[in-house]
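Protein chains in written order, with our numbering: chain E, 1 to 358; chain H, 1001 to 1255.
Using N, Cα and C, we set each Cβ at its ideal position, and we do this for glycine too.
All figures in this text were calculated on a predicted structure; none of them were measured in a lab.
In what follows, a single structure is set out as structure tokens and then discussed.
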Ligand SMILES: Nc1ncnc2c1ncn2[C@@H]1O[C@H](COP(=O)(O)OP(=O)(O)O)[C@@H](O)[C@H]1O
Ligand SMILES: [Mg+2]
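Right, here's the structure in full:
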């Protein structure tokens, strides 16, 4: 046996191998470049979209590769957001309102980047502990456990007055996140997620997704690779939380609860849960739909009078879009595939596209 | 030329157990007795055939021999060692690999990845795992299918990928659950050659479950016949062929 008969992705050109990542980064960059010329409102919408993109890519890294639905990632976002805010808020305010914080946080004010790193790390640490306990659960049991985690995080952060200011919110978080900062982190998240999915852990984790029993008898440490993905994805969600706090300027625990969980999972499902391209597509499409509905809710002038949709149309509209996509494209708009390589001869591509929808 | 075929990551060696033995195995599911007091011994360097009509208990017995099913009573020994309480993973580490009747491929991954991932699980580098997978696929005659998504493969090719995936583990014993089901005569013939070559090529004993009598008679060194969870015969292919009880059980099954 000298040479395999058939060329394989591993020996094809680097460009081709990294094509989906390059294409997605280019797309996001182009959108930000164009959007940055737009209105103030456009900048805000775009920043928020990019932060959601980071969360969704983080969630994808775990769900897409492991096949285990997680409802808990917004909890990691919450943890990251608060941790970063503890570092960057004015010490005078912290000493007055957040009397339960340890001294090193209460007495000092840290820079934005160390704060974001701290947010990501704390989320990762919590994921390591939680994951050690629940990564051996498969299917619905694991998902329910992540949901319980979300509820616990929300309840702790809503009620622990002395470190979260409870219902009165943490205010005065420096507003330093604009579209370009969010863009930089979004690119980072895409690179990390793609690197993971082509890594040995990514391949082993997808094997366990497709057939756990066969994976276990193929020498794959299923629990271990799941845990790795869970921690990495929690770090990404934590970083996104830190960015979100420094975008909003104010933190309330309920920001990171069911609403956000629904929107981010909707994005992932709409785009296609099984591919990075799906995660990105979902964020773009859902943002577009939501923005459209929000405009309609606010009212549009038609023929001299203002027509507007009733309050709540946003949620209902998004629900309908999701349901339709699930009916007509159960594997999402992208059919859970990556951006195809555009330069393949047509005959060969047709042959390759026999790939299934799951 | 076949060196790549026998690659193992550093620090991993092929286990050396000389035989895999079932001793008085009984398996009961609630009221139903799926296996009653079955004993058999597969030897390294042999192809051991396990035949019997549907529901005879063949898969259940393989499950016992690989740690997927705990016997109600009786024991399984590997190289003389009592395996009571072993997990499937422990069986795998000690040299027992299997394929599944249902295929159980990683269906959204390519054929190459299906095999490669096992090598990665063992700790091989990406490059070595890929080379090894390609060699193994060529060996089972699927070299040209490496880039196909496993879920789109014809049923009959699935089984060969399963064999390649199991052989990457460098087992001392491999248990194949109905690999020829649904194959044409020509495909059966190819498969027979592959299976017959395993003991020599990989110094690995084979336990082969099969319905197709010509496959069984063609490759097995010894044959064990189950019916209704009981042993009804064991012996050399020629003996089994001549055994009236077996013939009637088979006539019953195929009729
Ligand atoms: N997990 C199980 N629970 C209950 N009954 C089972 C289970 N597995 C197998 N059986 C029963 O045990 C008997 C033997 O099945 P099996 O080993 O699959 O037979 P074979 O592989 O020879 O066709 C059948 O009657 C089957 O219905
Ligand atoms: Mg069976």
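Legend entry - Rounded separation between residue 48 of chain E and residue 194 of chain E - CA only: In the first chain, residue 48 of chain E corresponds to position 48, counting from 1. In the first chain, residue 194 of chain E corresponds to position 194, counting from 1. Those two C-alpha atoms are separated by around 22 Å.
Inset, instruction - Could you tell me the distance, in whole angstroms, from the CA atom of residue 14 of chain E to the CA atom of residue 1042 of chain H? - result: By one-based count along the first chain, residue 14 of chain E stands at place 14. By one-based count along the second chain, residue 1042 of chain H stands at place 42. Cα to Cα, the separation comes out at about 48 Å.
Inset, instruction - Go to residue 1024 of chain H, then tell me how far its beta strand (DSSP E) extends in each direction, as first and last residue. - result: Working through the second chain from its first residue, we reach residue 1024 of chain H at position 24. Segment 1019 to 1029, the beta strand (DSSP E) holding residue 1024 of chain H.
Legend entry - Close beta carbons around residue 1094 of chain H, own chain, < 7 Å, minus the five adjacent residues each side: Taking the first residue of the second chain as position 1, residue 1094 of chain H is located at position 94. Cβ neighbours of residue 1094 of chain H beyond the five flanking positions: 1015, 1017 and 1078.
Legend entry - Cβ shell of residue 115 of chain E (< 7 Å), same chain only, five flanking positions each side left out: As a working note, residue 115 of chain E is residue 115 in the first chain. For residue 115 of chain E, where only same-chain residues beyond five positions count, the Cβ hits under 7 Å are 84, 87, 88 and 242.
Legend entry - CB contact flag (residue 253 of chain E, residue 146 of chain E, <8 Å): The residue labelled residue 253 of chain E in the question sits at position 253 within the first chain. The residue labelled residue 146 of chain E in the question sits at position 146 within the first chain. Their beta carbons are not under 8 Å apart, which means residue 253 of chain E does not touch residue 146 of chain E by this criterion.
Legend entry - Residue nearest to residue 1147 of chain H in terms of C-alpha spacing, selected from H/1059, H/1161 and H/1156: Within the second chain, residue 1147 of chain H is the residue found at index 147, counting from 1. Answer by Cα proximity: H/1161.
Legend entry - Where residue 93 of chain E falls, given that 16 or more other Cβ within 10 Å makes a residue buried: Locating residue 93 of chain E in the first chain gives position 93, where the first residue counts as 1. Residue 93 of chain E comes out exposed.
Inset, instruction - Decide if the segment 36 to 54 of chain E is in contact with the segment 173 to 181 of chain E; the criterion is three or more beta carbon pairs, one per stretch, under 8 Å apart. - result: yes
Legend entry - Around ligand 2, Cβ to any heavy atom closer than 7 Å, ordered along the chain: H/1058, H/1059, H/1101, H/1177, H/1178 and H/1209
Legend entry - Neighbour list for residue 1169 of chain H in chain E, Cβ cutoff strictly below 7 Å: Numbered from 1 along the second chain, position 169 holds the residue referred to as residue 1169 of chain H. Within chain E, the residues near residue 1169 of chain H are 219.
Inset, instruction - For residue 200 of chain E, return the contacting residues in chain H, with the cut-off set at a CB-CB distance below 7 Å. - result: Residue mapping note: residue 200 of chain E aligns to position 200 of the first chain, counting from 1. Residues of chain H passing the Cβ test: 1120 and 1126.
Inset, instruction - Work out the CA separation of residue 154 of chain E and residue 1012 of chain H for me, nearest whole Å. - result: What you label residue 1012 of chain H is simply residue 12 of the second chain in a count that begins at 1. What you label residue 154 of chain E is simply residue 154 of the first chain in a count that begins at 1. Residue 1012 of chain H and residue 154 of chain E: Cα-Cα distance of roughly 47 Å.
Legend entry - Closer than 8 Å to chain E by CB, residue 1089 of chain H: Within the second chain, numbered from 1, the residue matching residue 1089 of chain H stands at position 89. The beta carbon of residue 1089 of chain H falls within 8 Å of a beta carbon belonging to chain E, placing the residue at that interface.
Inset, instruction - With DSSP collapsed to three states, give me the class of residue 1205 of chain H. - result: Residue mapping note: residue 1205 of chain H aligns to position 205 of the second chain, counting from 1. Looking at residue 1205 of chain H - three-state DSSP - the assignment turns out to be strand.
Inset, instruction - Give the DSSP-derived three-state secondary structure of residue 1008 of chain H in the structure shown. - result: For this step, residue 1008 of chain H is matched to residue 8 along the second chain. Three-state result, residue 1008 of chain H: coil.
Legend entry - DSSP state of residue 359 of chain E mapped onto helix, strand, coil: Nothing about residue 359 of chain E can be reported from this structure: the residues present for chain E run from 1 to 358 only.
Legend entry - Touch test, the segment 1136 to 1143 of chain H against the segment 1059 to 1067 of chain H, Cβ-Cβ under 8 Å, three pairs minimum: no
Inset, instruction - Indicate whether residue 229 of chain E and residue 268 of chain E have their beta-carbon atoms separated by less than 8 Å. - result: By 1-based counting over the first chain, the position of residue 229 of chain E is 229. By 1-based counting over the first chain, the position of residue 268 of chain E is 268. Going by C-beta atoms, residue 229 of chain E is not nearer than 8 Å to residue 268 of chain E.
Inset, instruction - List the DSSP bridge partners of residue 1227 of chain H. - result: Counted from its first residue, the second chain places residue 1227 of chain H at position 227. DSSP, once it has assigned bridges, lists H/1230 as partnering residue 1227 of chain H.
Legend entry - beta strand (DSSP E) segment containing residue 1149 of chain H, residue limits: What you label residue 1149 of chain H is simply residue 149 of the second chain in a count that begins at 1. No beta strand (DSSP E) holds residue 1149 of chain H; DSSP gives it neither H nor E.
Legend entry - Between the CA atoms of residue 58 of chain E and residue 1151 of chain H - distance to the nearest angstrom: As a first step, residue 1151 of chain H must be located in the second chain, where it is residue number 151. As a first step, residue 58 of chain E must be located in the first chain, where it is residue number 58. Residue 1151 of chain H and residue 58 of chain E: Cα-Cα distance of roughly 27 Å.
Inset, instruction - To the nearest angstrom, report how far apart residue 1254 of chain H and residue 214 of chain E are at their CA atoms. - result: For the purposes of this step, residue 1254 of chain H is identified with residue 254 of the second chain, where counting begins at 1. For the purposes of this step, residue 214 of chain E is identified with residue 214 of the first chain, where counting begins at 1. For residue 1254 of chain H, the predicted model reports a pLDDT of 48, less than 50, meaning its position is unreliable; a value from the coordinates is still stated below. One C-alpha to the other measures close to 31 Å.
Inset, instruction - With distances taken Cα to Cα, identify the nearest neighbour of residue 175 of chain E among E/112, E/130, E/225 and E/190. - result: Looking up residue 175 of chain E in the first chain gives position 175. Here the closest residue by C-alpha is E/112.
Inset, instruction - Identify the contact partners of residue 266 of chain E in chain H, using a Cβ-Cβ distance below 9 Å as the criterion. - result: Indexing the first chain from 1 puts residue 266 of chain E at position 266. What residue 266 of chain E touches in chain H: nothing, since even the nearest Cβ is about 23 Å away.
Legend entry - residue 1029 of chain H CB to nearest heavy atom of ligand 1 below 7 Å: For the purposes of this step, residue 1029 of chain H is taken as residue 29 along the second chain, with counting starting at 1. For ligand 1, at least one heavy atom lies less than 7 Å from the Cβ of residue 1029 of chain H.
Inset, instruction - Kindly say whether residue 1077 of chain H, judged by its beta-carbon, lies nearer than 8 Å to any beta-carbon of chain E. - result: Position 77 of the second chain holds residue 1077 of chain H. Taking Cβ atoms only, chain E never reaches closer than 8 Å to residue 1077 of chain H, which makes this a no.
Inset, instruction - Specify, as a first and last residue, the run of the alpha helix (DSSP H) that residue 20 of chain E falls within. - result: Position 20 of the first chain holds residue 20 of chain E. Unbroken alpha helix (DSSP H) run through residue 20 of chain E: 19 to 35.
Inset, instruction - Can you tell me which of the three DSSP states residue 1210 of chain H falls into? - result: Start at 1 with the first residue of the second chain, and residue 1210 of chain H comes out as number 210. Residue state, collapsed to three classes: coil.
Inset, instruction - Along the alpha helix (DSSP H) that carries residue 1083 of chain H, what are the first and last residues, could you check? - result: Taking the first residue of the second chain as position 1, residue 1083 of chain H is located at position 83. Segment: none, residue 1083 of chain H is in no alpha helix (DSSP H) and carries neither H nor E.
Inset, instruction - Establish whether the CB of residue 1117 of chain H and some CB of chain E are separated by less than 8 Å. - result: Your numbering for residue 1117 of chain H matches position 117 in the second chain. Interface residue, yes.
Legend entry - Chain-order list of residues whose beta-carbon lies under 8 Å from that of residue 127 of chain E (same chain, five-residue window excluded): Stepping through the first chain from its first residue, residue 127 of chain E is reached at position 127. Closer than 8 Å at the Cβ level, and outside the excluded window around residue 127 of chain E, lie 76, 230, 231, 233, 234 and 235.
Inset, instruction - Kindly list the residues whose CB is nearer than 6 Å to the CB of residue 249 of chain E, restricted to its own chain and excluding five residues on each side of it in sequence; keep chain order. - result: For the purposes of this step, residue 249 of chain E is taken as residue 249 along the first chain, with counting starting at 1. The residues are 173 and 175.
Legend entry - Any non-hydrogen atom of ligand 1 within 7 Å of residue 1052 of chain H CB: On the second chain, position 52 is the one that residue 1052 of chain H refers to. Yes - ligand 1 has a heavy atom lying nearer than 7 Å to the Cβ of residue 1052 of chain H.
Inset, instruction - Check whether the segment 1163 to 1182 of chain H touches the segment 1094 to 1103 of chain H, taking contact to mean three or more Cβ pairs, one atom from each stretch, closer than 8 Å. - result: The segment 1163 to 1182 of chain H and the segment 1094 to 1103 of chain H touch, with no fewer than 3 CB-CB distances between them shorter than 8 Å.
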